[in-house]
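Structure, as structure tokens:
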Amino acid sequence: MHIAEGYLPPAHAAAWGVAAAPFVVHGVRALTREVRSNPESTLLLGASGAFTFVLSALKLPSVTGSCSHPTGTGLGAILFRPPIMAVLGTITLLFQALLLAHGGLTTLGANAFSMAIVGPWAGYGTYRLLRRFGAPLMVAVFFGAFVADLSTYCVTSVQLALAFPDPGSGVPGALAKFGGIFAVTQIPLAVSEGLLTVLVMRLLTQSSKGELTRLGVLDRPRAERPEEVAAR
Amino acid sequence: MLPIDAAAHSSRWRRRHPVEKAALGFGLTLCAVSLPPWPGAVLVAAATLAVLLGPAGVPGRQLWRAFRIPLGFCVTGAVPLLFEVGGARGPVALAPGGPAHAGELLLRTASASLGVLLFAFTTPVSDVLPRLVRAGVPAPVVDVALVMYRIIFLLLDSLAKIRQAQAARLGHTSRAATWRSLAGLGATTFVRAFDRAQRLQSGLAGRGYDGTLRVLVPSCAVSRRFLTATGVLLAGLVALTLVLERFLP
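Just so you know, the protein sequences line up as chains A and B, in that order. Just so you know, we're using the numbering used here here: the first sequence kicks off at 671 and counts up by one. Just so you know, we're using the numbering used here here: the second sequence kicks off at 3 and counts up by one.
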């Protein structure tokens with residue numbers, strides 16, 4: 671769920687755009703470097719972006735009986751790294767605004783900050799941290815996707831609270847209100863997205879080992895030792 | 003194809019230059035966001051609806067189907083403005099001026115969304131992307147966006163077919179089966195996206211691909227008349243809002 675067109679006051683919309691810009695520019699530079707050195711990666715990156723867009727079209731059953739859709743930022747960040755996700759996520763948000771009327775153009779900066787920047791970085795950070803401490807791949811993937819989803823909605827709550835402070839208790843009160851609606855209710859959905867991401871990753875490790883190795887998610891198979899080769 | 007993009011491809015204004023439609027659609031959106039919601043957003047919404055249903059020829063039913071999505075979020079987002087928490091009047095109480103504030107927000111959001119819909123319903127994304135290079139967006143980013151745009155529809159089509167096949171094999175009869183099916187759907191989409199990219203790569207390599215995707219952009223001139231009319235409409239809306247604001251409660 672993204673902040674709708676015109677929802678934020680102009681000053682806030684501009685400020686979030688400015689906050690998101692350095693990350694998107696950094697991602698654009700990383701993507702441009704990658705494409706210039708490997709022209710064929712244009713197609714791979716395009717396919718990855720399309721996958722992120724399509725992932726948000728999956729309907730996820732929620733424990734409350736309703737359904738939601740995954741943000742896809744956790745899986746995207748684990749597969750493609752956060753700088754690339756900042757660009758792919760921003761393009762995805764742009765397409766969602768123009769093709770699905772979901773989100774908006776004046777709120778693109780705010781939505782990009784939460785979904786294409788904070789979500790991927792928080793999720794990827796959690797994933798890397800857990801992997802460094804020796805956590806199994808699937809445990810790290812679950813928490814990476816969980817944190818990416820939840821942090822996206824927590825940032826959205828903060829953005830809304832700053833834009834619409836509570837008349838009685840100011841920003842903290844507004845944060846409690848918006849957090850109660852958008853972040854707390856998101857906890858079961860974040861768990862659902864974590865579980866779905868684990869299931870997807872489990873299937874991918876069985877069917878697409880090559881791609882996962884190329885993307886650096888799985889370690890390359892250890893090269894045969896020279897003495898073993900010589901012994902043959 | 004997605005309904006909004008399909009409508010844009012067959013729009014009456016399809017042959018108009020995207021700059022004209024961007025000036026009108028985004029100009030109306032900016033007016034909706036920056037003018038006072040009462041009466042500014044109401045005037046902007048009325049003008050946008052008149053353009054959408056009149057000269058742009060967007061069918062009302064299609065417009066409503068697209069418009070109800072942002073409207074749902076606006077209503078959900080406006081509800082918290084009706085209440086205050088932790089104030090002097092108790093843990094949760096009706097906020098003074100809450101309904102007026104929520105109403106203003108609804109007006110502004112609805113009006114701004116209509117402006118973007120005006121652009122989206124008349125301009126296919128494929129007409130906009132190649133022109134972004136001239137606007138200063140790096141070519142590799144535009145190329146990636148172009149590939150994304152073309153693969154999205156293929157993947158959505160695959161998604162629908164896989165979902166149908168899963169349903170035909172009782173893949174959604176229980177919660178566990180639904181989860182298994184969803185995971186299969188996500189993983190298969192990933193595999194197909196990569197497969198599609200590899201096949202595109204092979205096809206383009208055989209045609210001398212050098213890292214740049216060259217696409218034909220239909221040539222059309224920017225109409226000064228259209229831009230002038232847009233400017234007059236936007237200026238009129240701003241002036242009328244400022245005048246009416248003094249007389250209306």
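The C-beta atom is built at its ideal place from N, Cα and C for all residues, glycine as well.
Would you kindly work out how many angstroms separate the C-alpha atoms of B/D115 and A/T777, rounded to a whole number? A small correction: the amino acid at residue 115 of chain B is Ser; Asp does not occupy that position in the sequence shown. The straight-line gap from Cα to Cα measures roughly 11 Å.
Of the listed residues B/L215, B/M3, B/A223, nearest to B/V135 (C-alpha basis): B/L215
Quick one: grab the DSSP three-state call for B/A178. helix
Is it buried or exposed for B/R194, if we count other Cβ within 10 angstroms and need 16 for buried? With 16 or more other Cβ atoms from the protein chains shown falling within 10 Å of its own Cβ, B/R194 counts as buried.
For B/L120 versus B/V53, is the C-beta distance shorter than 8 Å? yes
My output table needs one value for B/E86: the three-state DSSP class, helix, strand or coil. Judged by DSSP in its simplified three-state form, B/E86 adopts strand.
For A/G719 and chain B, any beta-carbon pair shorter than 8 Å? Closer than 8 Å: yes.
Positions along the segment 841–853 of chain A whose CB lies within less than 7 Å of some CB in chain B: G843, A846, K847, F848, I851
Flag this pair as yes or no: are the beta carbons of A/F750 and A/S726 separated by less than 8 Å? No, the pair does not count as a contact, with Cβ atoms beyond the cut-off.
I'd like to know if A/H628 contacts chain B, where contact means its C-beta is closer than 8 Å to some C-beta of that chain. The requested residue 628 of chain A is not part of the displayed model; chain A covers only 671 to 902.
Is there a Cβ from chain B that is less than 8 Å from the Cβ of A/G716? By this cut-off, A/G716 is an interface position.
By the three-class DSSP mapping on this structure, what secondary structure does B/V234 have? Of the three classes helix, strand and coil, the one that applies to B/V234 here is helix, per DSSP.
Check for me: the alpha helix (DSSP H) holding B/A95 runs from which residue to which? It is not in any alpha helix (DSSP H) - B/A95 instead sits in the beta strand (DSSP E) that spans 92–96.
Do you know how far the Cα of B/P82 is from the Cα of B/S36? 22 Å
Please list, in chain order, all residues of the same chain as A/I761 whose beta carbon is under 7 Å from its beta carbon, the five residues on each side excluded. Close CB contacts of A/I761 within its chain, under the 7 Å cut and outside five residues either way in sequence, are with G719 (chain order).
Using a Cβ-Cβ cutoff of less than 6 Å, which residues in the same chain neighbour A/V825 once the five nearest sequence positions on both sides are dropped? S784, V788
Contact check, A/G744 vs A/T855 under 8 Å by CB: the rounded distance? Rounded, the Cβ-Cβ distance is 18 Å, inconsistent with contact.
Expressed to the nearest angstrom, what Euclidean distance is found between the alpha-carbon atoms of B/G220 and A/A815? For clarity, residue 220 of chain B is Pro in the given sequence; the question names Gly instead. Going from the Cα of B/P220 to the Cα of A/A815 covers about 42 Å.
Flag this pair as yes or no: are the beta carbons of B/I154 and A/V724 separated by less than 8 Å? yes
Helix, strand or coil for A/D836, going by three-state DSSP, please let me know. strand
Residue-chain proximity (B/S12, chain A), Cβ-Cβ < 8 Å: no
What are the residues of the segment 127–140 of chain B that lie near chain A, defined by any Cβ-Cβ distance shorter than 9 Å? V127, V130, V139, P140
Could you tell me whether the segment 136–153 of chain B touches the segment 757–773 of chain A, where touching means 3 or more Cβ pairs closer than 8 Å? yes
From A/Q829, A/M755, A/L845, pick the residue whose C-alpha is nearest to that of A/F693; which is it? A/M755
Determine, using beta carbons only, whether B/G117 and B/T232 come nearer to each other than 8 Å. no
What residues of chain A sit near B/G186, judged by a beta carbon separation below 8 Å? L873
Assuming A/G676 and B/A34 are in contact, meaning their beta carbons sit under 8 Å apart, how far apart are those beta carbons, in whole angstroms? 6 Å
Nearest-angstrom Cα separation, counted from A/F848 out to A/G716: Approximately 34 Å, taken between the alpha carbons.
So, helix, strand or coil for A/S821, using DSSP? helix
Could you have a look at B/W66 and say whether DSSP puts it in helix, strand or coil? Reduced to three states, the DSSP call for B/W66 is helix.
Using beta carbons (cut-off 8 Å, strictly below), is A/V705 in contact with chain B? True, the Cβ-Cβ gap to chain B drops below 8 Å.
Report buried or exposed for B/G208, applying the criterion of at least 16 other Cβ atoms within 10 angstroms of its Cβ. exposed
Terminal residues of the continuous alpha helix (DSSP H) containing A/E704? Here the alpha helix (DSSP H) through A/E704 covers 680–707.
Nearest by alpha-carbon distance to B/H19: which of B/F228, B/A237, B/Q168 is it? B/F228
Beta carbon of B/V146 nearer than 8 Å to that of A/T883: With respect to A/T883, B/V146 sits apart: the two C-beta atoms are not nearer than 8 Å.
Using the three-state DSSP reduction, which class does A/T855 fall into: helix, strand or coil? Coil.
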